[in-house]
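To start, the structure under review is shown below, and the notes come after it.
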Amino acid sequence: MEPSAVPSAKRVLLVRGGVLTPFSGIGGAFHDLKTALEEGQISGWRTAGVEEYNLGERASGLKRLRERWFRHPSRVVSSIKHLHKKGEVDLVFVSDQEQAHLVPSNSAVPVVVYVHDFFHLFPHIITLSGERVEVGEPRPGFIRRRDLRRLMKGLQRADAFICSTSAVAKACKQHFPDTPLYQIPYAIDVERHAPPAVLPPAPEALSPDACHLLVVGSHDPRKRLAFLMRVLAQLPENVANDVRVHHIGGDGCPHGGPSATSLANDHGVNWHWVGSNISDDVLNAYRWHCEALLFPSGAEGFGYPTVESMAAGQPVLASDRPAHNELMPEGTVLDPEDVEVWVKAIVEVHATWLGRDGDARKPEPTLMEHVSFLAPERFNREMSDAWDTIASS
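In structure tokens:
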């Protein structure tokens, strides 16, 4: 009797726009997915290739626009047709909603888009602690408006969406009720962030005589760094004198307005801008040696910084807002509008630091265990199942 034939793996073409650093949220997610495919970790699937481009940092705005709107979409269409003709592609995976214009019309194979959030496609304003917070850009310029229209049309052409959280799933169902939807939370490699038995030296900026706190993320209005400055400005004097805050992420506000550093100076906050595009090694060193992550964001598609800090065993002070509140241990999120609650939480972190009398903070194993549900094995299994269903539809 002949052995049963082993079914051949299906092939997925990964599509995105310009290359992103793997140290960013979306860039990191794409990098991890590509690596999982190449290493055979997604059962029944292998890569049919990657369509992306890299214009470097000095390309003009016109060149970038021409590449984004015309040249790259044309290459994607040609690649799909070529691979389909050879029988070498079963599914097209578009990395995120900002690349949805790459969903071709009348594709020969199903196309799925990973939706991280809809902040820019459906901008809105939320009011927290009396402050109007822009979620997305409410007044985009002419070119961006045309770009958004292209994205919207691409999303309407997609055969399915995949998203990471219940908050994003709700938005998908609201705006695209007829598009099949699969909710698959991102994967977090806990081992990548777990502190070693012997920690490397602390970054030079982390002096042993200060209580160091960490902020990770951009200065987008929805990140609410202005609220955080008001909190830090109200710390008791003895606490404020000890606290030093380190910011990893963009210092400038993308919608205009003062930089995070300027806001800190205006509020008398001891603030250190580390920079952006920081490597995992440096970022982990800050997580391991800082007392806590401060995350007052008003809106997130997922909230990578919170889960990555927990994977590193670092305490997290996070606002009770979607979607990162879905990922925090029950009962640990903070009222996003109550300054006093935040002041009290930071005072408690300071008291814990003071009580150790110079000893290093030990990682929190309960936090590391909490994020184990985001293991890559679970993500790869659920992605394989979703792709199987979409490809056969």
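Numbering (this note's numbering), first residue to last: 786 to 1178.
We put the CB at the ideal spot given by N, CA and C, even for glycine.
On a predicted model such as this, the values are computed, not experimentally measured, just so you know.
Backbone CA spacing between residue i and residue j [nearest angstrom]
{"i": "arginine 856", "j": "cysteine 957", "result": "29 Å"}
{"i": "serine 914", "j": "alanine 1018", "result": "16 Å"}
{"i": "valine 898", "j": "alanine 1070", "result": "34 Å"}
{"i": "glutamate 989", "j": "tryptophan 1058", "result": "13 Å"}
{"i": "glutamate 1154", "j": "arginine 1166", "result": "20 Å"}
{"i": "glutamate 922", "j": "glutamate 1125", "result": "30 Å"}
{"i": "methionine 786", "j": "valine 800", "result": "In this prediction, methionine 786 scores a pLDDT of 41, lower than 50, which makes its location untrustworthy; no coordinate-derived value is stated."}
{"i": "aspartate 1123", "j": "aspartate 994", "result": "29 Å"}
{"i": "glutamate 836", "j": "aspartate 881", "result": "13 Å"}
{"i": "glycine 803", "j": "glutamate 852", "result": "9 Å"}
{"i": "tryptophan 1172", "j": "glutamine 1099", "result": "34 Å"}
{"i": "glycine 1143", "j": "arginine 1029", "result": "15 Å"}
{"i": "alanine 790", "j": "alanine 945", "result": "With a pLDDT of 47 at alanine 790, under the threshold of 50, the modelled position of this residue cannot be trusted, and the question is left open."}
{"i": "arginine 860", "j": "glycine 825", "result": "26 Å"}
{"i": "alanine 1176", "j": "isoleucine 1131", "result": "49 Å"}
Endpoints, beta strand (DSSP E) assigned at residue i
{"i": "tyrosine 967", "result": "966-968"}
{"i": "lysine 795", "result": "795-803"}
{"i": "glutamate 919", "result": "916-920"}
{"i": "phenylalanine 946", "result": "945-948"}
{"i": "leucine 1079", "result": "1077-1080"}
{"i": "glutamate 836", "result": "830-838"}
Per-residue DSSP class, three states only, for residue i
{"i": "leucine 991", "result": "coil"}
{"i": "histidine 869", "result": "helix"}
{"i": "valine 862", "result": "helix"}
{"i": "arginine 934", "result": "helix"}
{"i": "phenylalanine 878", "result": "strand"}
{"i": "threonine 806", "result": "coil"}
{"i": "tyrosine 971", "result": "coil"}
{"i": "threonine 1117", "result": "coil"}
{"i": "alanine 790", "result": "Confidence at alanine 790 is low in this model, with a pLDDT of 47, below 50, so its placement is unreliable and no value can be given for it."}
{"i": "phenylalanine 855", "result": "helix"}
{"i": "phenylalanine 907", "result": "coil"}
{"i": "serine 1104", "result": "strand"}
{"i": "phenylalanine 1158", "result": "helix"}
{"i": "glycine 983", "result": "A quick correction: the sequence has valine, not glycine, at residue 983. In the structure shown, valine 983 sits in coil (DSSP, three-state: anything other than H, G, I, E or B)."}
{"i": "valine 1206", "result": "The question about residue 1206 has no answer here: the residues shown for the chain are numbered 786 through 1178."}
{"i": "histidine 1109", "result": "helix"}
{"i": "serine 845", "result": "coil"}
{"i": "glycine 939", "result": "helix"}
{"i": "proline 1006", "result": "helix"}
{"i": "valine 888", "result": "coil"}
Residue(s) in a DSSP beta bridge with residue i
{"i": "valine 1028", "result": "Cys996"}
{"i": "isoleucine 811", "result": "Per DSSP, none; premise fails for isoleucine 811."}
{"i": "glycine 1060", "result": "Ile1033"}
{"i": "leucine 913", "result": "Glu916"}
{"i": "valine 894", "result": "In the DSSP output, where bridge partners are listed per residue, valine 894 has none listed."}
{"i": "valine 1001", "result": "Ile1033"}
Beta carbon of residue i nearer than 7 Å to that of residue j
{"i": "arginine 1188", "j": "glycine 1083", "result": "Residue 1188 falls outside the range modelled here, since the chain spans only 786 to 1178, and no answer is possible."}
{"i": "leucine 998", "j": "leucine 1079", "result": "yes"}
{"i": "alanine 885", "j": "histidine 869", "result": "no"}
{"i": "leucine 1112", "j": "valine 1092", "result": "yes"}
{"i": "proline 970", "j": "leucine 822", "result": "no"}
{"i": "aspartate 1005", "j": "proline 962", "result": "no"}
{"i": "glycine 1034", "j": "serine 1044", "result": "no"}
{"i": "serine 1169", "j": "serine 949", "result": "no"}
{"i": "proline 858", "j": "leucine 840", "result": "no"}
{"i": "proline 1081", "j": "arginine 1015", "result": "no"}
{"i": "valine 877", "j": "leucine 798", "result": "yes"}
{"i": "valine 1000", "j": "glycine 1086", "result": "no"}
{"i": "valine 975", "j": "alanine 1103", "result": "no"}
Span of the alpha helix (DSSP H) around residue i
{"i": "histidine 1155", "result": "1150-1155"}
{"i": "tryptophan 1172", "result": "1161-1176"}
{"i": "leucine 1017", "result": "1010-1018"}
{"i": "valine 1128", "result": "1124-1140"}
{"i": "leucine 1068", "result": "1065-1074"}
{"i": "proline 1039", "result": "Segment: none, proline 1039 is in no alpha helix (DSSP H) and carries neither H nor E."}
{"i": "aspartate 1051", "result": "1045-1051"}
{"i": "glutamine 826", "result": "That residue, glutamine 826, is in no alpha helix (DSSP H); it is neither H nor E in DSSP."}
{"i": "glutamate 1093", "result": "1089-1096"}
Min CB distance residue i to chain D below 7 Å
{"i": "glycine 915", "result": "The structure shown has no chain D; it contains just one protein chain."}
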